[in-house]
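Trainee:
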Amino acid sequence: MPADTTYHDDDFELAPYEDESVSGTIYTDDPDLPLPLPEHDTRASTEHFGREPRWLQNTPHWTRNFFRRATSRMDTLRPRWLEARSSSSFWDWVGDLLRPRFTIGYVVCCIVLLYVLYCYAFWTPLFASNLPKYTGPYSVGAIDVEVPVREPRKINDTVFKHNGEPAFALDTVLFTLYYPTAHDSMSSRPRHKWFPKPMSLIAEGYATAAHFNNFFSRPLFTFALWGLASSIDIPAKVDVPLLDDEEVSRMPVVVLSHGDVSSRTDYTAYCGELASRGIVVATIEHRDGSCPGSMVHLPNGKKKKVLLSRADQLKPELLGVGVTNDDWRFQKLAFRDAEIQETISVLRDLESGNGQQIFKNNYRNEGKDLEDWLNRLDLSQVILAGHSFGATGALQALQTANKTSDREIRFENPAVGGIIFDPGKSSGKLNTDIDVPLLIVHSDSWSKTFSIFYGRPHFDTVRDLARDVLQRCGATWFMTSLKTSHPSVTDAPLIEPWLLSWTTGATINVREGLKQYVRVSMEFIEYLKTRKQTGLLDIGVTHVSYGNDTRSEEQKEKIAKKDMKFWQVHVAPEAASFEPGSDEAK
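Just add 1450 to the spot in the sequence shown (first one is 1) and you have our numbering.
#1: According to DSSP, valine 1595 sits in a beta bridge with which residue or residues?
#2: Given this structure, state the Cα-to-Cα distance separating asparagine 1881 from threonine 1842, to the nearest angstrom.
#3: Run through DSSP, which three-state label would lysine 1583 get?
#4: Can you give me the C-alpha to C-alpha distance between alanine 1847 and isoleucine 1790, rounded to a whole angstrom?
#5: Just the Cα atoms here: how many angstroms apart are valine 1688 and leucine 1627?
#6: From the DSSP secondary-structure annotation, give me the bridge partner or partners of leucine 1620.
#7: Can you tell me which residues form a DSSP beta bridge with threonine 1930?
#8: Isoleucine 1869 and alanine 1835 look like a contact to me (Cβ under 8 Å); what is the Cβ gap, rounded to whole Å?
#9: By Cβ distance, which residues of its chain are closer than 6 Å to histidine 1633, with the 5 residues on each side in sequence left out?
#10: Is it right to say glutamate 1654 is buried, meaning 16 or more other beta carbons lie within 10 angstroms of its own, or is it exposed?
#11: Let me know the secondary structure DSSP gives phenylalanine 1900 once reduced to three states.
#12: Between the C-alpha atoms of glutamate 2004 and arginine 1786, what's the straight-line distance to the nearest angstrom?
#13: May I have the straight-line CA-CA distance separating tyrosine 1629 from glycine 1905, to the nearest angstrom?
#14: In angstroms with no decimal places, state the Cα-to-Cα distance between valine 1413 and leucine 1987.
#15: Exposed or buried, phenylalanine 1830, counting other C-beta atoms within 10 Å across all chains shown (16 or more means buried)?
#16: What is the C-beta distance between alanine 1925 and proline 1887, in whole angstroms, given that I count them as a contact (C-beta under 8 Å)?
#17: Can you give the Cα-Cα distance for methionine 1439 and valine 2019, rounded to whole angstroms?
#18: Tell me whether arginine 1600 is buried or exposed, calling it buried when 16 or more other Cβ atoms sit within 10 Å of its Cβ.
#19: Enumerated in chain order, which unbroken segments of the beta strand (DSSP E) with a length of 3 residues or greater are wholly contained in the segment 1825-1873?
#20: I'd like to know whether the C-beta atoms of histidine 1708 and isoleucine 1734 end up nearer to each other than 9 Å.
#21: What three-state label does DSSP hand valine 1472 in the structure shown?
#22: Can you name the residues that DSSP bridges to arginine 1906?
#23: Can you list, in chain order, the residues of its chain whose CB lies under 6 Å from that of glycine 1805, leaving out five sequence neighbours each side?
#24: Could you pull out every residue in the same chain whose Cβ sits closer than 8 Å to the Cβ of threonine 2000, ignoring the five residues on either side in sequence?
#25: Distance, Cα to Cα, aspartate 1777 vs leucine 1581?
#26: Taking the straight line between their C-alpha atoms, what separation do you get for leucine 1949 and proline 1943?
#27: Going by beta carbon distance, what residues of the same chain come within less than 7 Å of asparagine 1812, once the five residues before and after it are set aside?
#28: Use the C-beta contact count for methionine 1636: other C-beta atoms within 10 angstroms, 16 or more gives buried, fewer gives exposed.
#29: For leucine 1748, count the other beta carbons within 10 Å of its own beta carbon; 16 or more makes it buried, fewer makes it exposed. Which is it?
#30: Measuring only the C-alpha atoms, how far is serine 1951 from leucine 1932?
#31: Helix or strand or just coil, what does DSSP make of phenylalanine 1437?
#32: What number of angstroms, rounded off, separates the C-alpha of phenylalanine 1871 from the C-alpha of alanine 1844?
#33: Ordered along the chain, which non-local residues of its own chain (more than five positions away) have a Cβ less than 8 Å from that of valine 1472?
#34: Tell me whether glutamate 1723 is buried or exposed, calling it buried when 16 or more other Cβ atoms sit within 10 Å of its Cβ.
#35: Report the residue from Lys1979, Lys1879, Pro1937 and Ser1838 whose alpha carbon sits nearest the alpha carbon of isoleucine 1890.
#36: Quick check: what's the CA-CA separation for aspartate 1856 versus lysine 1782?
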């Protein structure tokens, strides 16, 4: 009897265990069947989809439960891109991506994208505002001047640790002249950028200040500065003629010194406002290690970078003895004093008719009309001004002003007064040997914040300094500008008003704050010329200390309420009498 050659193995997985001919149903879970066509109903019953494979049926119970849970979990975690979808074009994909979803993230991203496109379309700075136009009766011109000093020298022997180069070598002096010009004057040059080139140099300086200066951080800082302020222009006309007006034949001069971690372009609005009112302002860029980044042009055609520096970067003169912060600040102040003297020397050459030679020596190639500045600067009305560390530097430079015992020193420093904004709280001791009138203005945050300054409250130290100078020369004012903060006199609040108000606590309208600073400065400059007290200079002391109202009943009647809204006067000479209802009292 022939053997049955048919092989049967009940455990063979591919063997059919359902007779398809019985029901005529096509089971899609049979691995030997072809893929179903679209017209077939491929939906199987629940029991067929849930049937376990034969190889899993003989495993322990816990194993089957584990695989069931894993399979269920993987089904829920199946990514959307693995799901079956009909073929679509690229534009269908883009449309699906841009389809509004009305989620917070989607709406915010759309707003930011539209804002960036708007800024690039209209060439406006990202998340910032352009500088406002000047409000005085004259238009404003600007000239960058960088010329060799009379005698290149090292102010001291301090060197940097990393390269042994002198830390305080004076080769050139750099400043910007802001001056009145005619409204119809035209310039062929583009306006100065608020961030001068190269921007990467300034970015490197800010990276140094943040203690994050390396190969990777510098491009990030450069890109951030470029995105925020690369398109901001200073609204002064570049290299146009000086105003030709008989009424302002000779103009007072203000020499401005910037604060720490800032530069000559941080005060353009204040300088331009003074210039639009007939004042010539020379704002210096100091190369003492306080500017984020400055490029020094050398006579041999080379350039030298000067970045922010710290005391611990300097090599001490004595081994084992580090450079203290006080020593470092003293060296910086000495360097600034030399730069102020060199700036005044250039201004004296301008007044003497050497403008053409200054133009030839100017590494910035500006000042083609400087020869017309002959006899146009009133060097008997030179005022030294400064903000923060610059205010400390201005006080230091005024030590040699009006010293009748030494004619040579008097000739070198013709300053007749000083405008001092927020003298530094951490910038070294304040010079008190001053014999010219001062206008000292504290921002609200500077007076309000209690801080110890060399063992005494800073506010009391400044008030005593003002009282001492008042006794010496008969005229000095110390006052607080209310609702302002330390940066209020700079351009920063005008460019980033919301950010600065939020971070500094200033509540005054940024343009009103600038207006008040300009107003009191002009009243002080006018006093130095005419010796007549007007406006805020003629209301006397209103608050002996910050917030302590000590006005008499007569003062309360005569002083305008708007003045008390923005000011407190702590030190002042006796007010000149004026009738209620007069112009001063309005």
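Note that the Cβ used here is the ideal one computed from N, Cα and C, for glycine as well.
Mentor: By the coordinates alone:
#1: Along the sequence shown, one-based indexing puts residue 1595 at 145. Answer is Phe1625.
#2: Taking the first residue of the sequence shown as 1, we reach residue 1881 at position 431. Taking the first residue of the sequence shown as 1, we reach residue 1842 at position 392. Rounded to whole angstroms, asparagine 1881 to threonine 1842 spans 8 Å at the Cα level.
#3: Here the question's residue 1583 lines up with position 133 in the sequence shown. Three-state result, lysine 1583: coil.
#4: Within the sequence shown, numbered from 1, the residue matching residue 1847 stands at position 397. Within the sequence shown, numbered from 1, the residue matching residue 1790 stands at position 340. The straight-line gap from Cα to Cα measures roughly 8 Å.
#5: For the purposes of this step, residue 1688 is identified with residue 238 of the sequence shown, where counting begins at 1. For the purposes of this step, residue 1627 is identified with residue 177 of the sequence shown, where counting begins at 1. Cα to Cα, the separation comes out at about 10 Å.
#6: Position 170 of the sequence shown holds residue 1620. Bridge partners of leucine 1620: Arg1603.
#7: Here residue 1930 refers to the residue found at position 480 when the sequence shown is read from its first residue. Bridge partners of threonine 1930: His1892 and Gln2018.
#8: Numbered from 1 along the sequence shown, position 419 holds the residue referred to as residue 1869. Numbered from 1 along the sequence shown, position 385 holds the residue referred to as residue 1835. That pair is a contact at about 4 Å.
#9: Here residue 1633 corresponds to residue number 183 of the sequence shown, with the count starting at 1. Counting only Cβ-Cβ distances below 6 Å, and skipping sequence neighbours, we find Ser1589.
#10: Start at 1 with the first residue of the sequence shown, and residue 1654 comes out as number 204. Under this definition glutamate 1654 is a buried residue.
#11: Numbered from its first residue, the sequence shown carries residue 1900 at position 450. If DSSP states are grouped into helix, strand and coil, phenylalanine 1900 belongs with coil.
#12: For this step, residue 2004 is matched to residue 554 along the sequence shown. For this step, residue 1786 is matched to residue 336 along the sequence shown. Looking at the two C-alpha atoms, the distance is approximately 45 Å.
#13: Mapped onto the sequence shown, residue 1629 falls at position 179. Mapped onto the sequence shown, residue 1905 falls at position 455. If you take the alpha carbons of tyrosine 1629 and glycine 1905, they lie about 42 Å apart.
#14: Residue 1413 is absent from the model: the chain starts at 1451 and stops at 2036.
#15: Position 380 of the sequence shown, counting from 1, holds the residue named residue 1830. Before going further, note that residue 1830 is serine rather than phenylalanine in the sequence given. Per the 10 Å Cβ criterion, exposed.
#16: Counting from 1 along the sequence shown, the entry for residue 1925 is found at position 475. Counting from 1 along the sequence shown, the entry for residue 1887 is found at position 437. Confirmed, about 4 Å.
#17: The question about residue 1439 has no answer, for the chain in this structure spans 1451 to 2036.
#18: Here the question's residue 1600 lines up with position 150 in the sequence shown. When all chains shown are included, arginine 1600 counts as exposed.
#19: 1827-1837 and 1865-1871
#20: For this step, residue 1708 is matched to residue 258 along the sequence shown. For this step, residue 1734 is matched to residue 284 along the sequence shown. In contact: histidine 1708 and isoleucine 1734 (Cβ atoms closer than 9 Å).
#21: Taking the sequence shown and counting its residues from 1, one reaches residue 1472 at position 22. Reliability of the predicted coordinates at valine 1472 is poor, the pLDDT of 46 falling under 50, and the value obtained from them is presented with this limitation in mind. DSSP places valine 1472 in helix when its eight states are reduced to three.
#22: Locating residue 1906 in the sequence shown gives position 456, where the first residue counts as 1. DSSP output for arginine 1906 lists Phe1903 as bridge partner(s).
#23: Your numbering for residue 1805 matches position 355 in the sequence shown. Counting only Cβ-Cβ distances below 6 Å, and skipping sequence neighbours, we find Leu1820, Glu1821 and Trp1823.
#24: One-based indexing of the sequence shown puts residue 2000 at position 550. Only Val1991, Thr1992, His1993 and Val1994 meet the Cβ criterion.
#25: For this step, residue 1777 is matched to residue 327 along the sequence shown. For this step, residue 1581 is matched to residue 131 along the sequence shown. Rounded to whole angstroms, aspartate 1777 to leucine 1581 spans 38 Å at the Cα level.
#26: Here residue 1949 corresponds to residue number 499 of the sequence shown, with the count starting at 1. Here residue 1943 corresponds to residue number 493 of the sequence shown, with the count starting at 1. Rounded to whole angstroms, leucine 1949 to proline 1943 spans 8 Å at the Cα level.
#27: Here residue 1812 refers to the residue found at position 362 of the sequence shown. Cβ within range, chain order: Val1595, Glu1596 and Val1597.
#28: As a first step, residue 1636 must be located in the sequence shown, where it is residue number 186. Classification of methionine 1636: exposed, given that the 10 Å Cβ count is below 16.
#29: Residue numbering aside, residue 1748 sits at position 298 when the sequence shown is read from its first letter. Exposed: under 16 other Cβ atoms inside 10 Å.
#30: In the sequence shown, the residue the question calls residue 1951 occupies position 501. In the sequence shown, the residue the question calls residue 1932 occupies position 482. Each residue's Cα considered, the two are about 14 Å apart.
#31: Since the first residue of the chain shown is 1451 and the last is 2036, residue 1437 is not available in this structure.
#32: For the purposes of this step, residue 1871 is taken as residue 421 along the sequence shown, with counting starting at 1. For the purposes of this step, residue 1844 is taken as residue 394 along the sequence shown, with counting starting at 1. When rounded, the distance between both Cα atoms is 10 Å.
#33: Here the question's residue 1472 lines up with position 22 in the sequence shown. Because valine 1472 sits at a pLDDT of 46, beneath the cut-off of 50, its placement in the model cannot be relied upon, and the following sentence gives the value as read from the coordinates. For valine 1472, where only same-chain residues beyond five positions count, there are no Cβ hits under 8 Å.
#34: One-based indexing of the sequence shown puts residue 1723 at position 273. Glutamate 1723 should be labelled buried.
#35: Taking the sequence shown and counting its residues from 1, one reaches residue 1890 at position 440. Selected option, being the one with the closest Cα: Ser1838.
#36: For this step, residue 1856 is matched to residue 406 along the sequence shown. For this step, residue 1782 is matched to residue 332 along the sequence shown. Confidence in aspartate 1856 is poor, its pLDDT being 48 and thus under 50, which makes the residue's placement unreliable; the coordinate value appears in the next sentence. Roughly 25 Å between the two C-alpha positions.
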